[in-house]
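Chains as they are written, first to last, in the working numbering: chain G, 117 to 231; chain A, 336 to 452. For glycine and all other residues, C-beta sits at the position ideal for the given N, C-alpha and C. Everything numeric in this text was worked out from a predicted model, so none of it was measured. Working notes, structure below.
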């Protein structure tokens with residue numbers, strides 16, 4: 117158990133819908149990262165937040181947005197969903213409390229299926 | 336920008352044989368390198384990491400990797416494979432984004448390791 121929690125574990129929805137994925141980082145970690153894992157694109161970085169502020173953006177679509185709240189949990193919002201958005205979405209956390217620099221701890225993921 | 340190439344999307348070994356998973360990276364600045372393992376329907380677990388210092392790093396479950404700057408490689412090895420090692424392995428690179436911001440991970444495409452009895 118990495119200490120990073122993600123809900124829900126599975127999500128099935130229809131095209132055009134909007135969903136919210138939730139992540140709680142490890143205790144003491146200030147950074148949250150979101151990654152998408154799909155068969156055709158592999159593991160890709162989406163976005164990073166540090167202590168409530170956006171720090172870095174990767175290959176994140178305009179239909180996707182994220183935020184980190186004062187209690188440090190993060191949400192990834194996916195809207196106008198398309199079939200191609202079906203993937204496994206991972207959250208990871210790291211922070212000054214981590215024993216090794218740059219070490220990211222991954223949650224179990226949310227599997228999104230768009231029908 | 337950094338990138339990672341994992342040579343071989345599938346590797347098959349016999350139980351007790353040497354495991355060698357290859358990873359080459361590209362980075363314009365000194366990289367931080369990682370190997371993660373993913374078991375079916377699970378998240379990613381860190382096996383080992385290289386940040387600075389000793390170039391031969393030891394990780395969990397008997398795995399180790401050697402950072403070779405001249406070859407831009409970070410290959411993962413284990414002397415004797417076990418059935419429980421069957422999983423997908425990802426090599427990843429990050430760079431120091433500065434200050435309190437730790438760098439994003441750029442992953443290779445993954446290598447599926449199969450272990451035969």
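(message) Quick check: is the beta carbon of residue 124 (chain G) nearer than 9 Å to any beta carbon in chain A?
(response) With 9 Å as the cut-off, residue 124 (chain G) does not count as an interface residue toward chain A.
(request) May I ask you to report which of helix, strand or coil DSSP gives residue 438 (chain A)? (result) coil
(message) Under DSSP, the beta strand (DSSP E) around residue 191 (chain G) begins and ends at which residues?
(response) Unbroken beta strand (DSSP E) run through residue 191 (chain G): 190-194.
(request) Report the residue from A:451, A:372, A:414 whose alpha carbon sits nearest the alpha carbon of residue 444 (chain A). (result) The option with the nearest alpha carbon to residue 444 (chain A) is A:372.
(request) Could you name the residues of the segment 154-173 of chain G whose beta carbon sits closer than 7 Å to any beta carbon of chain A, in the order they occur along the chain? (result) Listed by position along the chain: 158, 159, 161, 164, 166, 171, 172.
(request) Compare the Cα-Cα distances from residue 430 (chain A) to each of A:392, A:389, A:346, A:368 and report the closest residue. (result) A:368
(request) Determine the DSSP secondary structure at residue 162 (chain G), reduced to helix, strand or coil. (result) strand
(request) Can you have a look at residue 384 (chain A) and say buried or exposed, based on whether 16 or more other CB atoms are within 10 angstroms of its CB? (result) Per the 10 Å Cβ criterion, buried.
(message) For a contact defined as C-beta to C-beta under 8 Å, what are the partners of residue 205 (chain G) on chain A?
(response) Those within 8 Å of residue 205 (chain G) in chain A number zero; the least Cβ separation is about 11 Å.
(request) Measure from the alpha carbon of residue 339 (chain A) to the alpha carbon of each residue in A:378, A:399, A:389, A:440, then state which is nearest. (result) Minimum Cα distance to residue 339 (chain A) is reached at A:440.
(message) For the pair the segment 155-165 of chain G and the segment 180-191 of chain G, tell me if three or more CB-CB distances fall below 8 Å.
(response) yes
(request) Output, in chain order, the set of chain G residues within a Cβ distance shorter than 7 Å of residue 425 (chain A). (result) Ordered by position in chain G, the residues that pass the 7 Å Cβ test against residue 425 (chain A) are 159.
(request) State yes or no: is the C-beta of residue 341 (chain A) within less than 9 Å of the C-beta of residue 356 (chain A)? (result) Between residue 341 (chain A) and residue 356 (chain A), the CB-CB gap stays under 9 Å.
(request) Using a Cβ cut-off of 9 Å (strictly closer), state whether residue 306 (chain A) contacts chain G. (result) Because residue 306 (chain A) is not part of the residues shown, which for chain A are 336 to 452, the question remains open.
(request) Give me whichever residues DSSP pairs with residue 410 (chain A) in a beta bridge. (result) A:401
(message) Let me confirm a value: residue 452 (chain A) is counted as buried when at least 16 other C-beta atoms fall within 10 Å, else exposed. Which label applies?
(response) Counting Cβ neighbours within 10 Å, residue 452 (chain A) comes out exposed, since fewer than 16 surround it.
(request) Could you name each continuous alpha helix (DSSP H) segment of 4 residues or more that falls completely within the segment 117-189 of chain G, going from the start of the chain to the end? (result) none
(request) Could you name the residues of the same chain whose beta carbon sits closer than 8 Å to that of residue 202 (chain G), not counting the 5 residues immediately before and after it, in chain order? (result) 154, 228, 229, 230
(request) Could you check which residue in A:350, A:344, A:365 has the C-alpha nearest to that of residue 420 (chain A)? (result) A:350
(request) Tell me where the beta strand (DSSP E) around residue 361 (chain A) begins and ends. (result) According to the DSSP assignment, residue 361 (chain A) belongs to the beta strand (DSSP E) that extends over 354-361.
(message) Counting only Cβ pairs nearer than 7 Å, list the residues of chain A close to residue 222 (chain G).
(response) 378, 379
(request) May I have the straight-line CA-CA distance separating residue 157 (chain G) from residue 415 (chain A), to the nearest angstrom? (result) 32 Å
(request) For residue 118 (chain G), decide whether its Cβ has a neighbour in chain A, counting only Cβ atoms nearer than 9 Å. (result) The beta carbon of residue 118 (chain G) sits closer than 9 Å to some beta carbon of chain A.
(request) Leaving aside the five residues before and after residue 409 (chain A) along the sequence, list all residues of the same chain whose C-beta is less than 7 Å from its C-beta, in chain order. (result) 358, 360, 368, 385, 400, 402, 426
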